[in-house]
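Sequential numbering from 3 applies to the sequence shown in our numbering. Heads up, the thing below is written out as structure tokens.
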Amino acid sequence: MITPHSSPPSSTRRAFLTQTARGALGASLLSSVSLRPVAGASAPSGRPKANLRFGFTSYQWGKDWDIPTMIANCTKAHVFGVELRTSDNYAHKLELSSTAAQRAEAKKRFADSPVKLVSIASAERFDWPVAARLEEAIAAAKAHLQLSHDVGASGVRVFPNQFHKDVPKEQTLAQIARALEEVGAAAANLGQEVRLEAHGTVGELPNLRTIMNQV
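See below:
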């Protein structure tokens, strides 16, 4: 068990991966993180090597780590990409309410370290059957994009999420696509990406393809 302000039990990649697997943190892998080649990895003959890297998200394991602790722990474990989860009293204290000075400080801490702040993980979802809730989620997603821009990250995670009783599935998928279209335009203006996680009952790949075909 890692305490809030301690380093991982071993600095080796193997130990870190083993500990992660035991904690069932497979969903925390960031396939979009560009870090460094995995030692000993080789590609089949004639194929380029996969550019997948191992990263860390602060959803559960790092919930009690402030930014200096997170940087220190990830550096020791040779995990050089981080996604910060927001909206649930995380010790890193980087939220929509963060001031310009707080955002600048967080950006500098990561910039001065070997750890890259890759993404902001919001909890915003675009399946709400109530129009007012949907508009709130869209507005919050846009605010997270501004936060991501301000701290030097490159994108924001959002959820498609759930189908709802008495709402046709096609309607929910189309609604999510429209929300992504609007949020995506805001992202483009900030040089950011919108990262749609395969989450909830909508998160099955055929549903995600239907959504993306409409964006």
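Even for Gly, the Cβ is constructed at its ideal location relative to N, Cα and C. Only a predicted model underlies this, so the values are computations on that prediction, with no experimental measurement involved.
Beta-carbon proximity check, residue i vs residue j, cutoff 8 Å
i	j	result
Asp152	Arg87	no
Thr203	Gln164	yes
Ala123	Arg159	yes
Ala52	Ser89	no
Trp67	Ala108	no
Leu119	Pro162	no
Phe1	Cys76	Past the edges of the chain, shown from 3 to 217, lies residue 1, and the structure says nothing about it.
Leu182	Val196	yes
Arg111	Pro50	no
Gly64	Ser121	no
Beta-carbon separation (whole angstroms), residue i vs residue j, contact threshold 8 Å
i	j	result
Val117	Val84	6 Å
Val217	Ala155	About 22 Å separates the two Cβ atoms, so there is no contact after all.
Ala194	Phe128	With the sequence shown as reference, residue 194 is identified as Gln, and Ala is not the correct amino acid for it. The pair is not a contact, with the Cβ atoms about 17 Å apart (cut-off 8 Å).
Leu149	Leu192	So it is not a contact: roughly 10 Å between Cβ atoms.
Val185	Ala143	5 Å
Bridge-paired residues (DSSP) for residue i
i	result
Arg197	Arg159
Leu119	Val84
Thr71	None; Thr71 has no bridge partner.
Thr59	Glu85
Cys135	In the sequence under discussion, the amino acid at residue 135 is Arg, which differs from the Cys named in the question. None, per the DSSP bridge assignment.
Arg211	DSSP, once it has assigned bridges, lists no residue as partnering Arg211.
Arg127	Phe161
Can at least three beta-carbon pairs, one atom from the region 128–137 and one from the region 87–103, be found at a separation below 8 Å? The region 128–137, when compared against the region 87–103, does not touch it at the 8 Å Cβ threshold.
How do the region 136–149 and the region 197–213 stand: do at least 3 beta-carbon pairs fall below 8 Å, yes or no? In this structure the region 136–149 does not touch the region 197–213; the number of beta carbon pairs closer than 8 Å is below three.
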